[in-house]
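Top to bottom, those sequences are chains Y and C.
Taken in order, the first sequence gives residues 1 to 381; the numbers are from our numbering.
Taken in order, the second sequence gives residues 382 to 612; the numbers are from our numbering.
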Amino acid sequence: MPSKPPQLRTALDAQDAILAGVFENAGFNYIAPDILQPADVFLDRSGEDLRTRTYVFTDPDGHELCLRPDITIPVCRHYLEYGPAFREETRYCYAGPVFRFQPGGDLAAKPREFEQTGIEYFGAKDREHAEAETLALAMEAMDAVGLTGYSVQLGDLGLFDALLAGIEMPQRWRSRLHHQFWRPEAFRALLAGLTSNGHAEQRYAAQLTGTDEAEAARLVERILDEKSLPLVPGRSIEDIALRLHEKAADRVEPPLAQEAAKLIEDYLAISGNPLDALDQVAALNAPGPAISRACEALAKRCVLLSGLGVDPSSLTFSAEFGRNLEYYTGHVFQIEVPYKTRTKQVVGGGRYDNLLSDIGAPQPVPAVGFAIHSERLAGVI
Amino acid sequence: MADALKIAIPSKGRLMEKSENLLAKAGFGIERSGDARGYMGRLTGIENVDVAFLSASEIAGKLRDGSVDAGVTGEDLLWENIPDLDRRITIAVRLGFGHADVVVAVPESWLDVDSIADLDEVSVAYHASHNRRLRVATKYFNITREFFARKGVTGYRIVESLGATEGAPAAGTAQMIVDITSSGSTLRANHLKILDDGVILKSQACLAVNPVEGEKKRATDQIIAALDKLV
Numbered sequence: 001m002p003s004k005p006p007q008l009r010t011a012l013d014a015q016d017a018i019l020a021g022v023f024e025n026a027g028f029n030y031i032a033p034d035i036l037q038p039a040d041v042f043l044d045r046s047g048e049d050l051r052t053r054t055y056v057f058t059d060p061d062g063h064e065l066c067l068r069p070d071i072t073i074p075v076c077r078h079y080l081e082y083g084p085a086f087r088e089e090t091r092y093c094y095a096g097p098v099f100r101f102q103p104g105g106d107l108a109a110k111p112r113e114f115e116q117t118g119i120e121y122f123g124a125k126d127r128e129h130a131e132a133e134t135l136a137l138a139m140e141a142m143d144a145v146g147l148t149g150y151s152v153q154l155g156d157l158g159l160f161d162a163l164l165a166g167i168e169m170p171q172r173w174r175s176r177l178h179h180q181f182w183r184p185e186a187f188r189a190l191l192a193g194l195t196s197n198g199h200a201e202q203r204y205a206a207q208l209t210g211t212d213e214a215e216a217a218r219l220v221e222r223i224l225d226e227k228s229l230p231l232v233p234g235r236s237i238e239d240i241a242l243r244l245h246e247k248a249a250d251r252v253e254p255p256l257a258q259e260a261a262k263l264i265e266d267y268l269a270i271s272g273n274p275l276d277a278l279d280q281v282a283a284l285n286a287p288g289p290a291i292s293r294a295c296e297a298l299a300k301r302c303v304l305l306s307g308l309g310v311d312p313s314s315l316t317f318s319a320e321f322g323r324n325l326e327y328y329t330g331h332v333f334q335i336e337v338p339y340k341t342r343t344k345q346v347v348g349g350g351r352y353d354n355l356l357s358d359i360g361a362p363q364p365v366p367a368v369g370f371a372i373h374s375e376r377l378a379g380v381i
Numbered sequence: 382m383a384d385a386l387k388i389a390i391p392s393k394g395r396l397m398e399k400s401e402n403l404l405a406k407a408g409f410g411i412e413r414s415g416d417a418r419g420y421m422g423r424l425t426g427i428e429n430v431d432v433a434f435l436s437a438s439e440i441a442g443k444l445r446d447g448s449v450d451a452g453v454t455g456e457d458l459l460w461e462n463i464p465d466l467d468r469r470i471t472i473a474v475r476l477g478f479g480h481a482d483v484v485v486a487v488p489e490s491w492l493d494v495d496s497i498a499d500l501d502e503v504s505v506a507y508h509a510s511h512n513r514r515l516r517v518a519t520k521y522f523n524i525t526r527e528f529f530a531r532k533g534v535t536g537y538r539i540v541e542s543l544g545a546t547e548g549a550p551a552a553g554t555a556q557m558i559v560d561i562t563s564s565g566s567t568l569r570a571n572h573l574k575i576l577d578d579g580v581i582l583k584s585q586a587c588l589a590v591n592p593v594e595g596e597k598k599r600a601t602d603q604i605i606a607a608l609d610k611l612v
């Protein structure tokens, strides 16, 4: 197992010093959260795909631990433990190693242990301001270390949710579409199913058509009783009945209008600089107040970016662009550089408003942040 | 003399018995070296073939690292233990015994869940209400991950189970399982049902071979041809 060359360490240290300077100037406080972390919190957030790449082990006390695969969650845990009592605005920056298994071995191009540098900004009341400020800061950091020729990709998961909110359909369909957003193929299949009443036939749903949840619960109770089927911990009779009730409701629900499906597809095809993209969204004439609010937020972000010296027309917005990390909830971005025939991501970030409450904050805490892949960055300067 | 071909045979149980019987029918005897409990031997009725007696899962591991040229083991163990199986190893003969399916099974009380698509939806609701993922008890980590990834199911977590996997849902350590079953009776006894599209792999005992050349190739070809006639 070859170790890292000392020159790389020197280069990373020099780069980290410049980045830390930029972040501390902007009011971010340097913290160094633990490398060793409880495995549960990562695995319940990220799922099996990241688990296959996380170094997880059981210590002699039987505790499941991991080498952090990411620094955002360790920073969140640090904030919950040591952050301000009244949850006022908090700004952290960090730099340090993260660990991810690489199929095919530990190659210099894809190291198993690599450096991440970044910021997390919690509790900001002005959402768009925090988003614009952190994006401008990421770009300032790139300029400070001498990166040239990079491009910035933008997305907004909030805009997609706002579009769905305005289209007439049961809330459960919106949740399903939201869930499949990350998997284009399954998404298209779901959309086709919703417009054609192509719901999978369910053996108990037919008996429940036109009844209420209480009736579904009685049916579940009766069948479990007749067949002597025990419940297992985790799902109650009510959970099972609610879903059967929804399946029964799907059978008689009018299908999603073709125009609505087309609206969703047209929205997802939008890309261009954010100002053009806003015009394209406006031209869709999508119904409901949520979509106009989300557009206003994107427009405000653009104005704020201009004020911070970033020309919004130099950025690329794509409705389909998101991050395949389930904790992002709104604005997302990525900074990339051309590499051979493709591009290479050097920074990724965005808004993740659910993460802190998911891992134990007593109330939702607005959060934005980004992480720089320090080794990739050093490699392209 | 050229290197002997090294073939691994299960060292115990019905898999051992059936492997030895089938080889005998094909005209190959097994001579154990040293005392009767020896773990090495020679194949008779053919030149220059060494036999190693190993557990079925060890055989998959030895095939992976190339320390045996050929081996008799379950297809489930091959898929579980050898990444890129289809590019590295040939399943030369399916031997017609040791049949079992690797399946996804959920509690029978989940009246609303018949398919993988149902499971995916339930996993989302479960995560929303419990703030943790559905647990899958299994010893088949790789097969499970590959299957769920192919089906687009992400809202789950594997918990390791090394025995009595079917008891995990009742015990509360998992809500569902991925396990091997031949008749399904153990699953039914534990009030579990196989999802309609939940059969991941139909497994049986097979002869798997690494790429070999020369003398070794001639020997494997001879064994494969003899077994092929019987199954």
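Using N, Cα and C, we set each Cβ at its ideal position, and we do this for glycine too.
Values in this document were obtained by computation on a predicted structure and should not be read as measured data.
From residue i to residue j, what does the alpha carbon distance come to, in whole angstroms?
i	j	result
Tyr92/Y	Leu377/Y	21 Å
Val432/C	Tyr537/C	42 Å
Ile18/Y	Pro2/Y	28 Å
Leu231/Y	Pro488/C	8 Å
Glu213/Y	Glu253/Y	16 Å
Gln171/Y	Thr554/C	32 Å
Gly434/C	Pro6/Y	Inspection of the sequence shows that residue 434/C is occupied by Phe rather than by Gly. Each residue's Cα considered, the two are about 48 Å apart.
Ser357/Y	Ala186/Y	29 Å
Leu611/C	Val474/C	10 Å
Cys76/Y	Gly158/Y	22 Å
Ser318/Y	Gln202/Y	37 Å
Ser542/C	His480/C	21 Å
Asn354/Y	Ala509/C	11 Å
Ser566/C	Phe478/C	19 Å
Asp382/Y	Glu89/Y	Here chain Y has residues from 1 to 381 only, and residue 382/Y is not among them.
Ala606/C	Val540/C	42 Å
Thr10/Y	Asp16/Y	10 Å
Val303/Y	Ala294/Y	14 Å
Ala32/Y	Lys344/Y	27 Å
Glu320/Y	Gly348/Y	16 Å
Thr525/C	Lys583/C	14 Å
Buried or exposed for residue i, please, with buried defined as at least 16 other CB atoms from any protein chain shown within 10 angstroms of its CB.
i	result
Arg468/C	exposed
Phe57/Y	exposed
Glu64/Y	exposed
Asn591/C	buried
Lys227/Y	exposed
Ala269/Y	exposed
Asp61/Y	exposed
Arg301/Y	buried
His331/Y	buried
Ser46/Y	buried
Asp577/C	exposed
Gly394/C	exposed
Lys443/C	buried
Gln207/Y	exposed
Met421/C	exposed
Q: Would you list, in sequence order, the uninterrupted alpha helix (DSSP H) runs of no fewer than 4 residues that lie entirely inside the segment 522 to 575 of chain C?
A: 522 to 532, 549 to 552, 566 to 570
Q: Spell out a yes or no on whether the segment 332 to 342 of chain Y and the segment 143 to 155 of chain Y are touching, meaning 3 or more CB-CB pairs, one atom from each, closer than 8 Å.
A: yes
Q) If you measure beta-carbon to beta-carbon, which residues of the segment 189 to 212 of chain Y are closer than 8 Å to chain C? A) Ala200, Gln202, Arg203, Tyr204
Q. Hey, which unbroken runs of the alpha helix (DSSP H) at 4 residues or more fall wholly within the segment 18 to 55 of chain Y?
A. 39 to 46, 48 to 51
**Q.** At least three beta-carbon pairs within less than 8 Å, the segment 507 to 524 of chain C to the segment 533 to 552 of chain C
**A.** yes
Q) Which parts of the segment 405 to 474 of chain C are runs of the beta strand (DSSP E), unbroken and 3 residues or longer, counting only runs that do not cross its ends? A) 410 to 413, 421 to 425, 430 to 435, 451 to 455
Q) According to a CB-to-CB cut-off of less than 7 Å, which residues of the segment 352 to 380 of chain Y neighbour chain C? A) Asp358
(Q) Between the segment 384 to 402 of chain C and the segment 116 to 129 of chain Y, can you find at least three pairs of beta-carbon atoms closer than 8 Å? (A) no
Q) Which residues, in chain order, does the segment 429 to 450 of chain C contribute to contact with chain Y at a C-beta distance below 8 Å? A) none
Q. Fully enclosed by the segment 575 to 600 of chain C, which beta strand (DSSP E) runs are 3 residues long or longer?
A. 586 to 590
(Q) Does the structure place the segment 566 to 577 of chain C close enough to the segment 363 to 370 of chain Y that three or more beta carbon pairs sit under 8 Å? (A) no
Q | Contact list for the segment 504 to 519 of chain C against chain Y, Cβ threshold 9 Å | A | Val505, Ala506, Tyr507, His508, Ala509, Ser510, His511, Asn512, Arg513, Arg514, Leu515, Arg516, Val517
Q.
Output needed in chain order: residues of the segment 560 to 579 of chain C with a Cβ under 8 Å from some Cβ in chain Y.
A. His572
Q. If you measure beta-carbon to beta-carbon, which residues of the segment 460 to 490 of chain C are closer than 8 Å to chain D?
A. Any reference to chain D falls outside this structure, whose protein chains are Y and C.
(Q) My parser needs the beta strand (DSSP E) runs of 3 or more residues fully inside the segment 257 to 328 of chain Y; what are they? (A) 316 to 318
Q.
Give the list of continuous alpha helix (DSSP H) stretches no shorter than 4 residues that lie fully inside the segment 203 to 264 of chain Y.
A. 205 to 208, 213 to 226, 237 to 252
**Q.** Given 8 Å, three or more beta-carbon pairs between the segment 233 to 246 of chain Y and the segment 489 to 504 of chain C
**A.** yes
Q | Entirely enclosed beta strand (DSSP E) segments - the segment 109 to 168 of chain Y, minimum 3 residues | A | 113 to 122, 151 to 156
Q. Do the segment 585 to 604 of chain C and the segment 438 to 450 of chain C make contact, defined as three or more Cβ pairs closer than 8 Å?
A. yes
Q. If contact means a Cβ-Cβ distance below 9 Å, which residues of the segment 593 to 612 of chain C contact chain Y?
A. none
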